[in-house]
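Note that the protein sequences, when read in sequence, are chains B and C.
For the first sequence, full-length UniProt numbering assigns the number 1 to the initial residue and increments by one for each residue that follows.
For the second sequence, full-length UniProt numbering assigns the number 1 to the initial residue and increments by one for each residue that follows.
Note that beta-carbon positions come from the ideal geometry of N, C-alpha and C, so glycine has one too.
Number of protein chains: 2
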Amino acid sequence: MDGHPSPRSHHPPPERDGSFNNDIESMDGGGGGAWRGAATGGRYESSEALLRYDDEPRQPLLRKRTMNTTSQIAIVGANICPIESLDYEYFTAFLAYAGCNLILAATAAAICAYIAPAAAGSGIPEVKAYLNGVDAYSILAPSTLFVKIFGSILGVSAGFVLGKEGPMVHTGACIANLLGQGGSRKYHLTWNWLRYFKNDRDRRDLITCGSAAGVAAAFRAPVGGVLFALEEAASWWRSALLWRTFFTTAVVAVVLRALIEFCRSGKCGLFGQGGLIMFDLSSTIPTYTAQDVVAIIVLGIIGGVFGGLFNFLLDRILRAYSIINERGPPFKILLTITISIITSACSYGLPWLAPCTPCPVDAPEECPTIGRSGNFKNFQCPPGHYNGLASLFFNTNDDAIRNLFSSGTEKEFHMSTLFVFFTAIYCLGLVTYGIAVPSGLFIPVILAGATYGRIVGTLLGPISDLDPGLFALLGAASFLGGTMRMTVSVCVILLELTNDLHMLPLVMLVLLISKTIADSFNKGVYDQIVVMKGLPFMEAHAEPFMRHLVAGDVVSGPLISFSGVEKVGNIVHALRITGHNGFPVVDEPPVSEAPELVGLVLRSHLLVLLKGKNFMKEKVKTSGSFVLRRFGAFEFAKPGSGKGLKIEDLDFTDDELEMYVDLHPITNTSPYTVVETMSLAKAAVLFRALGLRHLLVVPKTPGRPPIVGILTRHDFMHEHIHGLFPNLGKSH
Amino acid sequence: MDGHPSPRSHHPPPERDGSFNNDIESMDGGGGGAWRGAATGGRYESSEALLRYDDEPRQPLLRKRTMNTTSQIAIVGANICPIESLDYEYFTAFLAYAGCNLILAATAAAICAYIAPAAAGSGIPEVKAYLNGVDAYSILAPSTLFVKIFGSILGVSAGFVLGKEGPMVHTGACIANLLGQGGSRKYHLTWNWLRYFKNDRDRRDLITCGSAAGVAAAFRAPVGGVLFALEEAASWWRSALLWRTFFTTAVVAVVLRALIEFCRSGKCGLFGQGGLIMFDLSSTIPTYTAQDVVAIIVLGIIGGVFGGLFNFLLDRILRAYSIINERGPPFKILLTITISIITSACSYGLPWLAPCTPCPVDAPEECPTIGRSGNFKNFQCPPGHYNGLASLFFNTNDDAIRNLFSSGTEKEFHMSTLFVFFTAIYCLGLVTYGIAVPSGLFIPVILAGATYGRIVGTLLGPISDLDPGLFALLGAASFLGGTMRMTVSVCVILLELTNDLHMLPLVMLVLLISKTIADSFNKGVYDQIVVMKGLPFMEAHAEPFMRHLVAGDVVSGPLISFSGVEKVGNIVHALRITGHNGFPVVDEPPVSEAPELVGLVLRSHLLVLLKGKNFMKEKVKTSGSFVLRRFGAFEFAKPGSGKGLKIEDLDFTDDELEMYVDLHPITNTSPYTVVETMSLAKAAVLFRALGLRHLLVVPKTPGRPPIVGILTRHDFMHEHIHGLFPNLGKSH
């Protein structure tokens, strides 16, 4: 990355010594620390994600000058005006840094835009929607998985202000979905046990477990993973699911523990740093006074406001971006490149604003840090000094957070440094989410929150004795509460990240306050994104306007129903002209005495039956035994996503189309029904609580056709209902 | 308690010195340590619960000898056979000890048996049933609350092997119920905001919060409280509820923290010991090997077996006890007294079996412990020695657990000590639960499990390097997993009790294993008690046999329905002869064209309407506006438990009985309905998922009365269905 592929010795080249004494160059000290700062910044951003650790001695970038002797400007600069020459070289370094970032960013955007657009962003809203019952094929497709993994690695490497936690949740869900598809019968890759996932509920459970595993792996927080799955991801919850997610995250914890043990000697790069507890703060046992609690309440209130503002601005920016992104993949890549350049410029340019700070005498680690991730980046500062902003920007996200959370470091970061970093991260976090790169929100929010907390801690130093590191933790909690609106899971995740149980009451207090404040402005960030993406998400509670409607009001479109013994042609026609997934079956006088609702038949089951071609010449009810003889239960099982039969795949002769088929054996004879006069709100509660896909509406009075219509998820959506009743909002 | 009310000096009486040199008496050392051991054991058992700490100097019990000079045996013993004299005095001490315990136990049993029998036992099964929808008045009545609080204090003081955690959950739920009743309008004690709890759902939420607060307070584990409420207590869960319980436990945590701060100087007795973390183990950072993991898997398996066995034996013992308890309060008290005597005998007698151990040289605290709760009880041992069993028996439960969990204390307890203590606690825990005293199961299970873990840890010492204290923690986890079958909540509670995040993967592993093992034997202990108590608990899943029945099969009894405009006399008669809480309302030809189901009317609403006496002379449908004019919404709100109107309270003249009343305004016109041919399993899922109390069954074909019957909770119960279809289990 720094243009010096061959390992060289650490001795500075002779032509540098002496000639540049006492000029700004000498500040560089033992080997081009400033350049290395920039270079390691970029380098470790990538190596963190690639889990690679390169210990080879680094060649100072200023060596380049010896090769630049032909450049007049360089020579002039070197002899007469070293600042100018450095400007030139710093510019070259910036180009190298920004260029590397740009290439990584463009690659990430390209695979994302061309292979799997669904992989962009956090993925948590999509998983949330899937678990709510929105079965969009691309959300958890294998291509999405591929792009999510590599796009996330590239995106983190490119130095963006984004996290890998959200993408890891999505990755976990995708892997779970792959397992849940039960392999492929086409390639004889079906295992017997995988058939257990051939139904919606177990597959949903598996994907919930996958998302829990993602959080557990990302934060090394197994209990936090369970709670995240419960609080944020899952729409339905059962105690069996609690046990299953717990099992999953326990396995994650054991595997993680074994991997960390294996990597203890540093052979896996930065992986495993910090052990199971990423930011261990357990050494600090705070005693806090009423004054501290007041300070923390203020922190929570302002944090809630910032969190709500973050959601508001993010919504606006995403809406603006969607106009650009809709114009096609090239525009997506262009947008990503723009943001990459802005990010590089900020992270490279802003540290120049920061003052050089002398290294603390009793620093727990090497200062300035050379050749590895950690505290105290030298950047442009003289030896024995460090640049606070560079220490935050040119670092892995984990190390930056660790620096902010660290205790006993009141003086480590200047107030101005924290202000600049906070503003930069808050804004970059906002503009980065929404580009065509897998990007999580946890890290930007934690980073911004921790910086905010440290600012408040420093400002309130006179009235509060709490450590700024603890304030940083509480600030992060307030931002998380203010944007994501999770409570228990954030609380446990922070606990598992910091191992600081003594702070628990304060963290809970801050979360309560910031969530309450932010809830009065807008919805949680993931809910907001779900709405913005237009995913038909069913809320747990019915909307108030539904109380003014009855189920019969919103049943839309002409109803297509089948007879118990139906002509094949009618079925094929119905399947071809509509996209409905369920059809009511009604027995009529030749078969029954009066028109009578038999039940509901699913499109997928109809297709299997049609494919079997067990048709009859006459319209008579059969015993149904042929279905049992002819088909195994697994044939009707839910296929893997996108692998189902299609009506276009089936061909029928004209003779066959004139024949009949008995639908009774494949009809669900106990569908849930509501009376047409039932309050729509109650129907919505029923639909949501039972996780239905179809709800039959039956007439109140006899003497009419036995079925009024079918309610599906879309019929409960705000847009649909307001399309039918435009004046609803006004009249009530 | 020890018969010496006046404070005296610590100097041994002169007549003891010299004359008893070199006999067993001299082992007593500096002031009757053995007696004091026994006395402090009993004394602190009580003072722990009463939150009183008495620092006045204790008078050695052997002083009693000086007052016993008239007793020939004592004199003989003192001069010739000191052992016999000691036997005599030890026996007196036993009488004092057992007597005090007995009085406390009998008092607890008396208030429990006579005032509130529902307060006996843990209370968690009852709260669980209440939250499932079993609305038995006595479960959360104020009298139950009173007995629960004081009975629990007396029970813990009496030295029983029982915990205060379950009772605290019940106490929290009772207090929540009191708040949820919204005061009393009778005594003008209604606050306006309390009216928000005048419906079933919010009241249920409040009680869930109360149970979470109980766990949070008992274990000082706020997050554990939330998870307990989620995993064990609540039957329905919504994200709003998560947020509410979190709010509750956050307040508990902040209040607890403030109280502990206030009590830091010891002015609240033993309360606040250990700060927010009761058994802090955070200093030990274990590194464990594959061998250790194998050892822990073995520990988990055996722990699961012991846990399952505990549940099995508990069930048998409870069934045996119920025969005794059913004979009346005196028998309950007698049973309690018997168990109290057995407990006293065990805790007093068994320490004699233990060898005296020399105090460790580098003991972190005073050894032997004199005059306060803690490690190293002297009992009958010579000075500088301690009795391991006495250290466990004559201690508060908290301190006994702390001793077992303590690390770096491999040699503190002999193997024989641990075996005896384990057997005693396991058996006493079994026989204690079920007596007429509020008694929790957490403490006996944690105590037995920790002892078991220490035994395994000591046995496996040669192959595992883990500390026996950590094994004790894992042993406790395995027993909790094996009996209570909770996973996430036990995991978090243990984490919050010990602050040992590094052990989390191992704790999860142990819980997984022990729960899996024990689940293959029987149900969790609370579920088992719910079944044994005959509470109509609705399981989340439908029973398999329900798939073979339809809803119409189990509708029982003659259906009583009302017309839309019904004669007052008919309503009064129906309310008098049945206990039904809901009645279908059917419009018939004069009012509607054909018989038509209007909806469901509740008994409580009917009573309010009848009390208003807005009757009509003729059978005509009204506009319903009179109800809005005449009644406020709060009149129909759910009253506090047991405070509702009764039909017996209302008087009607014969004229009134002949009049009509329009039921339309108070009829729920959107009741949930199922068709009579719907699978009972699906009806059960609907009933349970929506938390219904009445489910109307309507006919499949028209031309029949528009309602077949009403399903209530009892119709889904195993016993009811098997009563209707005795051959069900056999035929399928």
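Identify the contact partners of Y88(C) in chain B, using a Cβ-Cβ distance below 9 Å as the criterion. None at all; the shortest Cβ gap to chain B is about 51 Å.
Under 9 Å between beta-carbons, which chain B residues line up against P222(C)? List them in chain order, please. C491, L504, P505 and M508
For S239(C), which residues in chain B fall below 8 Å Cβ to Cβ? E231 and A540
So within the segment 518-544 of chain B, which uninterrupted alpha helix (DSSP H) runs reach at least 4 residues, ignoring any that extend past its ends? 525-532
Taking buried to mean at least 16 other C-beta atoms within 10 Å of its own C-beta, is P167(B) buried or exposed? buried
Please check if any C-beta of chain B sits within less than 8 Å of the C-beta of K682(C). yes
Endpoints, beta strand (DSSP E) assigned at Y386(B): H385 to N387
Cutoff 7 Å; reference L495(C); Cβ partners in own chain excluding five residues on either side: L501 and L504
Backbone CA spacing between L704(C) and F636(C) [nearest angstrom]: At residue 704(C) the sequence reads Arg, which differs from the Leu that was named. Straight-line Cα distance between these residues: approximately 33 Å.
At 8 Å on the CB atoms, spell out the chain C contacts of E496(B), in chain order. L501 and L504
Count Cβ pairs between the segment 534-543 of chain C and the segment 675-695 of chain C that sit closer than 8 Å; are there 3 or more? In the pairwise beta carbon analysis, the segment 534-543 of chain C is classified as touching the segment 675-695 of chain C: at least three pairs are separated by under 8 Å.
Taking 8 Å as the cut-off, decide whether the C-beta atoms of L512(C) and V420(C) are in contact. no
Listed by chain order, chain C residues near A136(B) by CB distance under 8 Å: Under the 8 Å cutoff, chain C gives no residues; its nearest Cβ is about 23 Å from A136(B).
Rounded C-alpha distance that separates F306(B) from K411(C): Approximately 56 Å between the Cα atoms of the pair.
For M415(C), is the classification buried or exposed, using 16 other Cβ atoms within 10 angstroms of its Cβ as the cut-off for buried? exposed
Count the other C-beta atoms from every protein chain shown that fall within 10 angstroms of the C-beta of G384(B), then say buried if there are 16 or more, exposed otherwise. Classification for G384(B): exposed.
With a threshold of 8 Å, are at least 3 pairs of Cβ atoms found where one atom belongs to the segment 331-347 of chain C and the other to the segment 445-453 of chain C? In short, these stretches do not touch, since the Cβ pair count stays below three.
Would DSSP call P222(C) helix, strand or coil? helix
With a threshold of 16 other CB atoms inside 10 Å of the CB of Q181(B), please say whether the residue is buried or exposed. buried
Does any residue of chain B bring its CB to less than 8 Å from the CB of T669(C)? yes
Taking the alpha carbon of I296(C) as the point to measure from, which residue in K267(C), L466(C), V445(C) and N570(C) has its own alpha carbon closest? L466(C)
Residues bridged to V661(C) (per DSSP): E566(C)
Assuming A667(B) and L600(B) form a contact by the criterion Cβ under 8 Å, report the distance between their Cβ atoms to the nearest whole angstrom. It should be pointed out that residue 667(B) corresponds to Thr in this sequence rather than to Ala. About 7 Å; that satisfies the 8 Å criterion.
Within the segment 114-154 of chain B, ranges of the alpha helix (DSSP H) (whole runs, at least 4 residues): 124-132
Measure the alpha-carbon distance for G210(B) versus A173(B) and round it to whole angstroms. 4 Å
So, is the C-beta of K700(B) closer than 8 Å to a C-beta in chain C? Interface residue, yes.
Under the three-state reduction of DSSP, which class applies to L602(B): helix, strand or coil? strand
Three-state secondary structure assigned by DSSP to residue 733(B): Residue numbering for chain B in the displayed model covers 1 to 732; residue 733(B) lies beyond these limits and cannot be assessed.
Below 8 Å, can you find three or more Cβ-Cβ pairs linking the segment 587-604 of chain C to the segment 688-703 of chain C? The segment 587-604 of chain C is in contact with the segment 688-703 of chain C.
Beta-carbon proximity check, Y660(C) vs L692(C), cutoff 8 Å: no
Output the boundary residues of the beta strand (DSSP E) element that contains P584(C). G582 to D587
Expressed to the nearest angstrom, what Euclidean distance is found between the alpha-carbon atoms of S592(B) and H605(C)? 42 Å
So, do the segment 466-480 of chain B and the segment 253-270 of chain B have three or more beta carbon pairs nearer to each other than 8 Å? no
Unbroken stretches of the alpha helix (DSSP H), 4 residues or longer, contained in the segment 447-505 of chain C: 468-483 and 488-498
Buried or exposed: which applies to H170(C), given that a residue is buried once 16 or more other Cβ atoms fall within 10 Å of its Cβ? That one is buried.
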